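For reference, the structure is listed below as structure tokens.
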Amino acid sequence: MTTGTVAGAAGAGHVGSLLRGWRRMRRFTQLELALRADSSARHISFIETGRSVPSRSMVLHLAEQLSVPVRERNALLVAAGYAPSYPETPLSAPAMAPVWTGLEQLLTAYEPHPALVMDGMYDVVAANKGVEMLLDGVAAHLLRAPMNAMRLTLHPEGLAPRIRNLGEWRAHLLERVERQATLRASAALRELYEEVAAYPVPGQESPAPVSHPYALPLRIEVGGRVLSFLSTATTFNTPMDVTVSELAVETFLPADAETAAILAERARSGGSGAREPVQEAGDAGDATVLGERDHVESGGRG
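The numbering of the sequence shown is the numbering used here, which starts it at 505 and goes up by one.
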């Protein structure tokens, strides 16, 4: 990993200030980053102040040590005067067929338990029949593509009125979005956080939180019965594409025997199949349904 000293080189100061921002966000000193990167504090200082121009490999190496998200690694490379290293491929592209097929198989296999796939802005790109089960009574405008999981859950016309432990679950989701907005330095995620945090909370004030032996469950009323779920989030390991790096599979496990029995009962009587939110034919104001896959593209996220 080498750098060249080029006084006044275009982009040098900019990439240095960006790296300094990521270092401070991760709460590393220059010495700590230097030790992680097998470099020196003097070298890191020169890069951050623009006195040294980091090589392409050095930019990527420092980004790796700072756990910079894939999308923002491209931004660092561009700021340093290099071409982006990671493509951003739409999910509908032929090259993404293996990824999409694998996700469809996973969602279908997980039924009757709810499972969905979200992008980096928590927009739902695919969901199974278990998720469709939870959407009864949700306002049509919240189901229009792109259906956003955070808006859907916390909006007073969404799932919020039926969530029995809304205070706890709301706090969990807000902390999750805020953490991601900070880790990714994302203005778009920060805007989403501010929007959903400002939603009025339906119903009476939530009761005091109760202790849970292993994880916080989502307790939600469905068809007059309260179901209890534990959620897990899965991401791709070592992603080399921006779109893939921002995908997350959210799955919901039954947290008690009653919920498991209700889901088993539904499995005996219901269908299956991965679904994707798409706009129904008709007027632009029509609600979307969880219909068969048609066309999805992953746009840029701030």
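Using N, Cα and C, we set each Cβ at its ideal position, and we do this for glycine too.
In this text the structure is predicted, and so the values were computed from the model without any measurement.
Could you round the C-beta distance between Ala752 and Thr739 to whole angstroms and report it? I think they count as a contact, below 8 angstroms.
In the sequence shown, the residue the question calls residue 752 occupies position 248. In the sequence shown, the residue the question calls residue 739 occupies position 235. So it is a contact: roughly 5 angstroms between Cβ atoms.
Which residues in the same chain as Leu522 place their Cβ atom closer than 8 angstroms to its Cβ, once the five residues preceding and following it in sequence are excluded?
Working through the sequence shown from its first residue, we reach residue 522 at position 18. Answer for Leu522: Ala579, Leu580 and Ala583, listed in chain order.
Let me know if Tyr718 comes out buried or exposed under the rule of 16 or more other beta-carbons within 10 Å of its beta-carbon.
Here the question's residue 718 lines up with position 214 in the sequence shown. Under a 10 Å Cβ-count criterion, Tyr718 is classified as exposed, with fewer than 16 other Cβ atoms of the shown protein chains found around its own Cβ.
For Asp463, tell me which candidate among Met744, Glu536 and Pro650 has the shortest Cα-Cα distance.
This structure does not reach residue 463, given that the chain is present from 505 up to 806, and the question cannot be answered.
Got a sec? Which residues, its chain only, sit under 8 angstroms from Gly727 by beta carbon, not counting five neighbours each side?
For this step, residue 727 is matched to residue 223 along the sequence shown. Contacts found: Asp640.
What's the C-alpha gap between Met744 and Thr605?
In the sequence shown, residue 744 corresponds to position 240, counting from 1. In the sequence shown, residue 605 corresponds to position 101, counting from 1. Their backbone Cα atoms lie some 18 angstroms apart in a straight line.
Nearest to Glu699 by alpha carbon, out of Pro706, Val681, Gly554 and Arg688?
As a first step, residue 699 must be located in the sequence shown, where it is residue number 195. Closest by alpha carbon: Val681.
Just curious, the alpha helix (DSSP H) that Arg772 is in, first and last residue?
Your numbering for residue 772 matches position 268 in the sequence shown. Membership of Arg772 in the alpha helix (DSSP H) is indicated by the continuous run Ala761 to Ser773.
Please state whether DSSP places Phe733 in a helix, a strand or coil.
The residue labelled residue 733 in the question sits at position 229 within the sequence shown. Note: Phe733 maps to strand in three-state DSSP.
CB Val628 to CB Leu607, shorter than 8 angstroms?
Residue mapping note: residue 628 aligns to position 124 of the sequence shown, counting from 1. Residue mapping note: residue 607 aligns to position 103 of the sequence shown, counting from 1. Their beta carbons are not under 8 angstroms apart, which means Val628 does not touch Leu607 by this criterion.
Extract the residue ranges of the alpha helix (DSSP H) inside the segment 566–611, only unbroken runs of 4 or more that lie entirely within it.
With a minimum length of 4 residues, the unbroken runs of alpha helix (DSSP H) contained wholly in the segment 566–611 fall at 574–583.
Assign Gln609 to buried or exposed, taking buried as 16 or more other Cβ atoms, counted over all protein chains shown, within 10 Å of its Cβ.
Stepping through the sequence shown from its first residue, residue 609 is reached at position 105. With fewer than 16 other Cβ atoms within 10 Å, it is exposed.
Measuring straight from C-alpha to C-alpha, what distance separates Pro595 and Arg729?
Numbered from 1 along the sequence shown, position 91 holds the residue referred to as residue 595. Numbered from 1 along the sequence shown, position 225 holds the residue referred to as residue 729. In the sequence under discussion, the amino acid at residue 595 is Leu, which differs from the Pro named in the question. Distance between the alpha carbons of Leu595 and Arg729 is about 36 angstroms.
Candidates Val557, Pro598 and Glu769: which alpha carbon is nearest Ala761's?
As a position in the sequence shown, residue 761 is number 257, starting the count at 1. Closest option to Ala761, judged by alpha-carbon separation, among Val557, Pro598 and Glu769: Glu769.
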